[in-house]
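Chains as they are written, first to last, in this note's numbering: chain A, 4 to 309; chain B, 50 to 162; chain C, 9 to 400. Below you'll find the structure, written out as structure tokens, and then a few comments.
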């Protein structure tokens, strides 16, 4: 049974998320080194962070500095808060009756954050890329919400703990495979991670990242990795049975499953070229949304008559 | 909820600490009024401008669906109890919205290039 | 303990590579060092800490390179790889300078006292990018713009001569400068009659102006030049675009620094056609956002360059050919004589396909989005150095 931790749970959660983010970034850099035929460098994310800490910050000409910086900070904070309702085994920082909605609300902050970072720099590439992300949001958000709702319908509750409890015996991924796959795609989309990385695309000189340097860049990039981690972590209680599993304690299962989902996302992302937002739109509306709706209908029918 | 408040405070403090550490170890004060990157050219006007969003019709369709979500979240809590009526009503509503999406698709709303 | 020095020594180099005309082989060598050492190339000056100019000195590109340098945050180091053979040594030396705290902090202090010239340039409302081959001391002549519209016809020496005349012009700058000329005869007349003194000019540059779009709506336009200091971009090419949103409304090309006497790289390579196809594919894949496939293509190119066996070629070819998402991104992009970017990429994979001329670009680019425009340019497989050889 999922129980709320005392207040100090809020102290430990960021640490867990940061460790996951560093591990994911490290795995990513090892994959990059393999493709390049370069020596493996597990500490690469830490060295990059070191470089960004010593690097000069920069302000561009007539930039909207307040909104520009606020975007980066908001992304990081929302990415961490998104995990407040995600249980680690039997523990959860905030056992909310509307945990699913909470996660949804935090993840949506990325829309504003990424656009602000693109817009605030007063740079043409950033501006174009910021709008690309908003367009991407229009494509992934609805399938994402239908996937979340499908899991909630399956459990008849918006509380994450109840959703985990409902999977005692049969994981939701077994009878909601479409929702699960769409959820993973939408996690890549919301974290503007490969292959949905047009907002930071090489074709637009790094897009919203084009003018960021120093600690401002570090905060934004860290926020992006943390958002990916939060999204991957939420897949575990929603579809993969949370802490359920044989022999090992629940928290171990949560960690193992999260690591597996995260590794899958990082690995799979590198296998594809960037998906252009304008090409994605039609697929999102005409394939992903109908598919998730049929999945939701199927689950509702099972819940009512099953 | 004290845990969530702690989480917010700790995360904010971590961001502040990052900025603080960076202030101490950086090799120099911030570069001000840098030229935005334009392949080595100087900007001829401010990039911040009224942007031509050619996919604005999609935002309209999106809004219709997004309002629907406001109903669908509470609906998940009662669907098992209310039974068939709840399912029929919700999916009829969604079918109407999907008909709208289909019409929009036929009009080419989702292709703007 | 000196924490700054400790962190600085661990900073991974992030090179921003600008190739100059005639510098194809130098660029290959630089990219090889970058790849094999596990560095990641920067996509913008803000991300970079190392500016690498690859190829022979090209006066026509100096201002652009200077401006990239000025926009780079410290720690930073600037270096020039003139020929392929020296790439490794030059870059290793650059890393030592990058990791030198005393040097970096000293330079940053000096820079704070003497701000970069670009602030002055921008107060003119515009700048002549390619007239400054003499170096920093000529920046005051930037106020002069009259002959901008001629540049597209000018190449090589003629181009330079004209600029020498410019050197003697009176300095004529300042925010009150009435500035109709920066836009010359580009084919649109939105700037006519504007007096900058009456306009709001935050930071010394004007707000975006408006022009009619394809539906006749008056919308804001941005002038966004692409190249020459742009990663994975043909050396010396500039495409002056006018954007509404991210749609290219107008495009005009300019070739910088192609003076016609560069050594032709194709004479020094075993199978130049194969090398060029692999390099073109690597660039197209990089722009398409497929980092790993692009890196593999560069690795194969480096193997082809020295004529060695390429064990991964078949596997890579299959992977690229089969990719549904790549097909999805490239289909219908840059259609010319019945082929699009996807067809041309497949021709490269099949072992044929000649580079297309850059003159096609304006017609192909107008009406496309920035993302598609970048794919179109990369998908032509331009070889401007070869062109120098045959026409020069």
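The beta-carbon is built from N, C-alpha and C at its ideal position, and this holds for glycine as well.
Neighbour list for residue 75 of chain B in chain A, Cβ cutoff strictly below 9 Å: Within 9 Å Cβ-Cβ: 56, 57, 58, 59, 60, 217 and 218.
Residues of the segment 299–312 of chain C whose Cβ lies closer than 8 Å to any Cβ of chain A, in chain order: Shown in chain order are the members of the segment 299–312 of chain C whose Cβ falls below 8 Å from a Cβ of chain A: 299, 300, 301, 303, 304 and 307.
Residue 60 of chain C versus residue 34 of chain C: straight-line alpha-carbon distance, rounded: Cα-Cα distance, rounded: 11 Å.
Within-9 Å CB hit, residue 358 of chain C to chain B: Residue 358 of chain C does not count as touching chain B.
Interface residues of chain A facing residue 63 of chain B [CB-CB closer than 7 Å]: Close partners of residue 63 of chain B in chain A (Cβ separation under 7 Å): 17.
Unbroken beta strand (DSSP E) run spanning residue 351 of chain C, endpoints: That residue, residue 351 of chain C, is in no beta strand (DSSP E); its alpha helix (DSSP H) goes 349–358.
For residue 259 of chain C, the three-state DSSP class (helix, strand or coil): Strand at residue 259 of chain C.
First through last residue of the beta strand (DSSP E) which encompasses residue 88 of chain C: Where residue 88 of chain C is concerned, the enclosing beta strand (DSSP E) stretches over 85–89.
Cβ contact check for the segment 95–115 of chain A and the segment 65–79 of chain B: 3 or more pairs under 8 Å: Between the segment 95–115 of chain A and the segment 65–79 of chain B there are fewer than three C-beta pairs closer than 8 Å, too few to call the two in contact.
Cβ of residue 107 of chain C within 9 Å of any chain B Cβ: Between residue 107 of chain C and chain B, the shortest Cβ-Cβ separation is not below 9 Å.
Min CB distance residue 258 of chain C to chain A below 9 Å: It does not; no Cβ of chain A falls within 9 Å.
Alpha-carbon to alpha-carbon, residue 8 of chain A and residue 81 of chain C: Approximately 44 Å, taken between the alpha carbons.
Outcome for residue 143 of chain A when other beta-carbon atoms lying within 10 angstroms are tallied against a minimum of 16: That one is buried.
Counterpart residues of residue 248 of chain C in DSSP-defined beta bridges: In the DSSP output, where bridge partners are listed per residue, residue 248 of chain C has C:233 and C:260.
Beta-carbon proximity of residue 303 of chain A to residue 116 of chain B, cut-off 9 Å: Against a cut-off of 9 Å, the Cβ pair of residue 116 of chain B and residue 303 of chain A comes out as no contact.
Minimum Cβ-Cβ distance from residue 188 of chain C to chain A less than 9 Å: At residue 188 of chain C, the pLDDT of 38 sits below 50, so the modelled position is not reliable; the number obtained from the coordinates is stated separately. Closer than 9 Å: no.
Cβ-Cβ separation, residue 202 of chain A to residue 139 of chain A (assumed contact under 8 Å), whole Å: Rounded, the Cβ-Cβ distance is 7 Å, consistent with contact.
Exposed unless 16 or more other CB atoms sit within 10 angstroms - verdict on residue 11 of chain A: Exposed, by the Cβ-count rule.
Cutoff 7 Å; reference residue 53 of chain C; Cβ partners in own chain excluding five residues on either side: Only residues of its own chain outside the window of five on either side were considered, and among them 24, 76, 79 and 80 have a CB closer than 7 Å to the CB of residue 53 of chain C, listed in chain order.
Status (buried if at least 16 other CB within 10 Å, exposed otherwise) for residue 362 of chain C: Residue 362 of chain C comes out exposed.
Neighbouring residues, chain B, relative to residue 339 of chain C (Cβ below 9 Å): Those within 9 Å of residue 339 of chain C in chain B number zero; the least Cβ separation is about 12 Å.
Nearest-angstrom Cα separation, counted from residue 196 of chain A out to residue 270 of chain A: Put simply, the backbone Cα of residue 270 of chain A is about 11 Å away from that of residue 196 of chain A.
Integer Cβ distance of residue 165 of chain A from residue 247 of chain A, believed to fall under 8 Å: At roughly 14 Å, the Cβ-Cβ gap does not stay under 8 Å, so residue 165 of chain A and residue 247 of chain A are not in contact.
Euclidean distance between Cα positions of residue 293 of chain C and residue 66 of chain C: A direct Cα-to-Cα measurement between residue 293 of chain C and residue 66 of chain C gives close to 28 Å.
Straight-line Cα distance separating residue 96 of chain B from residue 130 of chain A: The C-alpha of residue 130 of chain A lies about 7 Å from the C-alpha of residue 96 of chain B.
Short CB-CB distance (under 9 Å) between residue 83 of chain C and chain A: Yes - at least one Cβ of chain A is within 9 Å of the one on residue 83 of chain C.
Chain C contact residues for residue 214 of chain A, given Cβ-Cβ distances below 8 Å: Those are 52 and 54, listed as they occur along chain C.
Close beta carbons around residue 119 of chain C, own chain, < 8 Å, minus the five adjacent residues each side: Taken in chain order, the residues that qualify are 82.
Alpha-carbon spacing of residue 87 of chain A relative to residue 123 of chain B, whole angstroms: C-alpha separation (whole angstroms): 21 Å.
Cutoff 9 Å: residue 178 of chain A Cβ touching any chain B Cβ: False, the Cβ-Cβ gap to chain B never drops below 9 Å.
Segment contact flag, the segment 251–267 of chain A with the segment 131–145 of chain B, C-beta cutoff 8 Å, min 3 pairs: Taking one beta carbon from each stretch, the segment 251–267 of chain A and the segment 131–145 of chain B have fewer than 3 pairs nearer than 8 Å; the two do not touch.
Interface positions of the segment 80–99 of chain B facing chain C (Cβ-Cβ less than 9 Å), listed along the chain: Within the segment 80–99 of chain B, the qualifying residues are 80, 81, 82, 83, 84, 85, 86, 87, 88, 89, 90, 91, 92, 93, 94, 95, 96, 97, 98 and 99.
Cβ neighbours of residue 155 of chain C in the same chain (closer than 6 Å, five flanking residues each side left out): Here residue 155 of chain C scores only 39 on pLDDT, less than 50, and its place in the model should not be relied on; the value that follows carries that caveat. If you ignore the 5 residues before and after residue 155 of chain C, its C-beta comes within less than 6 Å of no other C-beta in its own chain.
CA-to-CA distance, residue 153 of chain A to residue 94 of chain B, given in whole angstroms: Distance between the alpha carbons of residue 94 of chain B and residue 153 of chain A: 48 Å.
Within-9 Å CB hit, residue 145 of chain B to chain A: Not one chain A Cβ lies under 9 Å of residue 145 of chain B.
Neighbour flag for residue 204 of chain A against chain C, beta carbons, 9 Å: Yes, residue 204 of chain A counts as interfacial toward chain C.
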